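Read through the structure below, which is laid out as structure tokens, and then see the notes.
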């Protein structure tokens, strides 16, 4: 075991820190500057305009950025997270030329058309249908929980091209669809905290050129799941949780419970210590996963371990905060008596975004039970 | 950056596993605990020849000169087998002596521990069960009169392997201020020293009382480092080694239950197919892996980054205590009726989880420390 960085890695960390010292708080030229550093798409190969960063450099960059609460590296969130990597892995030269530079320059947003009303945790059962008609696919059906659909120019869409495939995963194809195509209707959905970040998307005889198919017909499932080969230790998420925990501790210093400072209460102290320990376990799990990746072994189902921790911590930290606030806890975020202008009320109602989005905790438990422990599939 | 084991450490693990699989399968463990001392002297001799008790003792003192990370690897394996032996106690005694003794003081005590010719243990707790310097009431008075040294008077309780030990590291009160405690190395043969077994629920672990009635020890029996600082260092070592054995036991318990869940058929299918069974098992896997991450880092910190050790060790012991407690109940519960029988092994893991809970501080004790270390 050795937690030291190499001199090159230390030099890179120093470079990141110096950049952040000089450029935070971020000004209007932040996006241009990080793009010039090639930190947008940092894990992508240099040939396509990415940064070609090593796994260790990716970790260092994410960690330093998160510690300093720096703005994101690039604003094309889903484009950078998985659309771009999918195009790099499966796209034609023409598709790479057409889409990758725009993603790196954050020219517009991408959204993700995966979930459907009848296909959530069981994504592979999706029914949105595409039928070949000459040099077009004609798409009919519906997607749901599509984040930022109303502000996106393009969508990465999973459709069923072969309803008779013996294995349902094999009948799925991936299309890149321009949101202005006739026949697409976007209807925003309000979430329980009052925000409208996601939407329903309806497809009514939407014609998509065959040249916008990503990968081969029937290859959509593979295109989707192999897109995330870059750093997955979850270290950036840990930094986010640490910041939330610091906020909870700070809140606990100000709150009074039963006429005494909340922090004098053994139950409060232990509850916070438990969360702190769990965050540290996540950090160290991430370092073990990272070690595996550095040895050239791909990560598999073990990343579900930290996904479960994160899901439960996102919920628990919000619960601790509202409990600390006592009778003010259930106030509406906009209420004049809500502490911190309702910050924790909003936090405590937004966990599904993280907890449900990447696969529910029950799905993660199935993955661990079946793929790691070898228990029978249910 | 490398948060993994070396090839040597992996080899140590596989060699230990081979030996324990061959010489200490569960039916042998059940026989060993029926022996008068509760463990096999023959096997103790064998592992001593392999250098296990002296793993962390420097080569100059007859040991293998390895670190806590290596010892963690070994204790995970003994824990997995619920291997009854005074290995943890002896390793801990050696480690404490090496840590607290003056440079020229340690050697004469630890040589016998390193080669396994003597069994060691650490006696911290008393009837008040207070794991802190202020809980130490056993008195150490200057001998006065004709000789130098001290006279020890009092009773220790919950002393691991008390009946088997040849050497005791005893926490004793030297003065009235709360932290005025020292650690004395006392031989089994000292006049006035007696031990008595306190039978445990977990028969693979022995503990007992240590009575010291006017026991005279020389000046050199008092280890150089003293006070709250020394107490803290003993606590960290004990908690870390305990956690290693706990995680091994947790691995063993989970493996037993997973195997059963694959084989046991109810309602026409293996019970491991039901989410009411598979999800708790997945949660235990998450807890064990996360506990390992916390423990390995704590062991590394004890070796390489001592200022991080208090927080890291407490996090490991607290988290794994919770994890093993839950697992201990589930390993029996998920087996159903068979898990409740004496004949089946599930109960052995439940009892081990009970043994481990308070050993060197329960979860609340360590979470309180974490809260304090976090500036609260």
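Chains as they are written, first to last, in the numbering used here: chain F, 8 to 385; chain D, 20 to 395. All C-beta atoms in this analysis are idealised placements derived from N, C-alpha and C, irrespective of residue type, glycine included. In this text the structure is predicted, and so the values were computed from the model without any measurement.
Q: May I ask you to list the residues that DSSP assigns as paired with residue 216 of chain D?
A: BP columns for residue 216 of chain D point to D:227.
Q) For residue 118 of chain F, which residues does DSSP report across the bridge? A) F:162
Q: Ignore the nearest five residues each way along the sequence and tell me which others in residue 292 of chain F's own chain have a CB closer than 7 Å to its CB.
A: 312 and 313
Q) Does DSSP put residue 237 of chain F in a helix, in a strand, or in coil? A) Caution applies to residue 237 of chain F, whose pLDDT of 48 falls short of 50 and renders its modelled position unreliable; the value that the coordinates give is listed next. DSSP places residue 237 of chain F in coil when its eight states are reduced to three.
Q: Give, in chain order, every unbroken run of the alpha helix (DSSP H) that is at least 4 residues long and sits entirely within the region 86-141 of chain F.
A: 91-97 and 100-111
Q.
Using C-beta distances below 6 Å, list every residue in its chain close to residue 138 of chain D, excluding the 5 sequence neighbours before and after it, in chain order.
A. 105, 109, 183, 184 and 185
(Q) Residues in the same chain with beta-carbon distance under 6 Å from residue 36 of chain D, minus the five sequence neighbours each way, listed in chain order, please. (A) Cβ neighbours of residue 36 of chain D beyond the five flanking positions: 96.
Q. Out of curiosity, what's the CA-to-CA distance linking residue 329 of chain D and residue 294 of chain F?
A. 20 Å
Q) What in chain D is Cβ-close to residue 298 of chain F, meaning under 9 Å? A) Result: 20, 21, 22 and 23.
(Q) Counting only Cβ pairs nearer than 9 Å, list the residues of chain F close to residue 289 of chain D. (A) Simply 382 and 383.
Q: Over the uninterrupted alpha helix (DSSP H) stretch that includes residue 300 of chain F, give me the two end residues.
A: Here the alpha helix (DSSP H) through residue 300 of chain F covers 273-301.
Q) Going along the region 19-31 of chain F in order, which residues come within less than 8 Å of chain D, judged by CB to CB distance? A) none
Q. Under a Cβ-count criterion, where at least 16 other Cβ atoms within 10 Å of its own Cβ denotes burial, should residue 284 of chain D be classed as buried or exposed?
A. exposed
Q) Does DSSP put residue 190 of chain D in a helix, in a strand, or in coil? A) strand
Q) Just to confirm, are residue 311 of chain D and residue 385 of chain D a CB contact at a threshold of 7 Å? A) no
Q: Kindly indicate if chain D contains any beta-carbon less than 7 Å away from that of residue 258 of chain F.
A: no
Q. Is residue 163 of chain F closer than 7 Å to residue 119 of chain F when the C-beta atoms are compared?
A. One thing to note: residue 119 of chain F has its Cβ within 7 Å of the Cβ of residue 163 of chain F.
Q: Could you work out which residues of chain D lie near residue 330 of chain F, taking near to mean beta carbons separated by less than 9 Å?
A: In chain order: nothing, as chain D lies at least about 16 Å away.
Q: Could you check what DSSP says for residue 400 of chain D in three-state terms: helix, strand or coil?
A: Absent from the structure is residue 400 of chain D, since the part of chain D shown begins at 20 and ends at 395.
(Q) Strictly by DSSP, which residues pair up with residue 181 of chain F? (A) F:165 and F:221
Q: Check the Cβ of residue 292 of chain F against every Cβ in chain D and list those closer than 8 Å, keeping chain order.
A: 308, 309 and 312
(Q) Does chain D have any CB closer than 7 Å to the CB of residue 276 of chain F? (A) Yes - at least one Cβ of chain D is within 7 Å of the one on residue 276 of chain F.
**Q.** Counterpart residues of residue 21 of chain D in DSSP-defined beta bridges
**A.** F:9
Q. Just checking my contact of residue 145 of chain F with residue 137 of chain F at CB under 8 Å: how many whole Å lie between their CB atoms?
A. 7 Å
Q: State yes or no: is the C-beta of residue 308 of chain F within less than 7 Å of the C-beta of residue 379 of chain F?
A: A contact, by the Cβ cut-off of 7 Å.
Q: Have a look at residue 266 of chain D and residue 103 of chain F and give me their C-alpha separation to the nearest angstrom.
A: 49 Å
**Q.** Classification of residue 149 of chain D by the beta-carbon crowding that lies within 10 angstroms, buried from 16 upward
**A.** exposed
Q. Identify the residues that DSSP records as bridge partners of residue 175 of chain D: which are they?
A. D:229
Q.
If contacts are defined as beta-carbon pairs under 8 Å, then residue 101 of chain D and residue 249 of chain D qualify, I think. What distance do you get, rounded to the angstrom?
A. Not quite, the Cβ-Cβ distance comes to about 31 Å (not below 8 Å), so this is no contact.
Q: May I ask you to list the residues that DSSP assigns as paired with residue 242 of chain D?
A: Note: residue 242 of chain D sits in no beta bridge, so no partner.
Q) Would the beta-carbon of residue 214 of chain D fall within 7 Å of that of residue 179 of chain D? A) Result no, Cβ atoms of residue 214 of chain D and residue 179 of chain D do not sit closer than 7 Å.
(Q) Using a 10 Å radius around the Cβ and a threshold of 16 neighbouring Cβ atoms, would you call residue 236 of chain F buried or exposed? (A) Because the pLDDT of residue 236 of chain F is 46, which lies under 50, any placement of that residue in the model is unreliable, and the number read from its coordinates should be weighed accordingly. Exposed, because fewer than 16 other Cβ atoms sit within 10 Å of the Cβ of residue 236 of chain F.
Q) Rounded to a whole number of angstroms, what is the C-alpha to C-alpha distance between residue 190 of chain D and residue 201 of chain D? A) 6 Å
Q. Which of the residues in the region 214-247 of chain D, read from start to end, lie with their CB under 8 Å from any CB of chain F?
A. Shown here is that no member of the region 214-247 of chain D has a Cβ falling below 8 Å from a Cβ of chain F.
Q | Helix, strand or coil at residue 24 of chain F [DSSP, three-state] | A | helix
Q.
Within the continuous beta strand (DSSP E) that includes residue 154 of chain F, where are the two ends?
A. Judged by DSSP secondary structure, residue 154 of chain F falls within the beta strand (DSSP E) whose first and last residues are 143-154.
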